[in-house]
Amino acid sequence: MKLFSLFIALLSAITGAAQADSTSANIIFFDGFDNNANNWTVADDKNVRSKIEGGVYYLTATGHAYGEAHEIKIDTRKDFQIEASIKIVSGNAEHKNYFSMLFWGREAMQSHYFTFAKDGFASVQFCTGKTLSSCTVKKGSLQKTMLNPDDFNVYRIKKTGNTYTFSINDDDIYTMPFTPFFGNLIGFGAGRKISLAIDYLKVIYL
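Heads up: the sequence shown is residues -20 to -1, 1 to 186, going by mature numbering (1 follows the signal peptide of the UniProt record, and there is no 0).
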């Protein structure tokens, strides 16, 4: 498993071909973490503490922020949806410096990020480099949401036509024009010294 920088405070692990649940023609990828068939990082070191237990993937950034990614190919001419159920288990609640994220369409350092934190704030950001200064918050996206700080929340990125819609627990919080992917990496990241519990990650055509 290969490690690489997401930005200066984030490392991501990539695997090759992700194994998808093929029970539905609309499902591109699904992992409910009943096992580790998709080879997520399981470790306990200076960067990350992670394990799969009881159908949940636990991810703790022990130092800087840390993320996990899979290469998942999507035909972006079609409508699609990326969804994850994530609980912020512990860590600093402040969004500004300790946000966690769901990211998609990434290549090298270029990607969009759907960020969230225990204080309830969420945003959509675009990053082009290794440092936080290379990240730009999309205008109007940073806002206080109704996410539950002590339970699982469903984060959803939906592309319909030429529009992205971002929602938390079925509450649409932001829309923006669709932009082409930079690459095929999709994943999630825990903020600096933040612990996450991921119940599932799902990518489907609509």
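Yeah, the Cβ is synthetic: ideal placement off N, Cα and C, and Gly gets one too.
All values derive from a computational prediction rather than experimental measurement.
Taking the straight line between their C-alpha atoms, what separation do you get for residue i and residue j?
| i | j | result |
| --- | --- | --- |
| N142 | D59 | 9 Å |
| K43 | K26 | Looking at the sequence provided, one finds Gly at residue 43 rather than Lys. Approximately 7 Å between the Cα atoms of the pair. |
| V28 | K139 | 32 Å |
| F146 | R136 | 6 Å |
| F162 | T95 | 18 Å |
| N128 | I166 | 24 Å |
| K186 | N133 | For clarity, residue 186 is Leu in the given sequence; the question names Lys instead. C-alpha separation (whole angstroms): 21 Å. |
Mark residue i as exposed unless 16 or more other C-beta atoms lie within 10 angstroms of its C-beta, in which case mark it buried.
| i | result |
| --- | --- |
| Q123 | exposed |
| G35 | exposed |
| R57 | exposed |
Closest by CA to residue i, which one among the options?
| i | options | result |
| --- | --- | --- |
| S91 | D130, D99, P160 | P160 |
| N77 | K173, W84, L39 | K173 |
| F9 | T116, D152, D55 | D55 |
| I7 | T108, F158, I62 | I62 |
Taking Cβ to Cβ, would you say residue i is nearer than 8 Å to residue j?
| i | j | result |
| --- | --- | --- |
| F168 | L82 | yes |
| G100 | Y154 | no |
| T116 | A102 | no |
| G171 | S80 | yes |
| L181 | A64 | yes |
| W20 | Y37 | yes |
My guess is that residue i and residue j are in contact by the Cβ rule of under 8 Å, so how many angstroms apart are they, rounded?
| i | j | result |
| --- | --- | --- |
| I66 | L176 | 6 Å |
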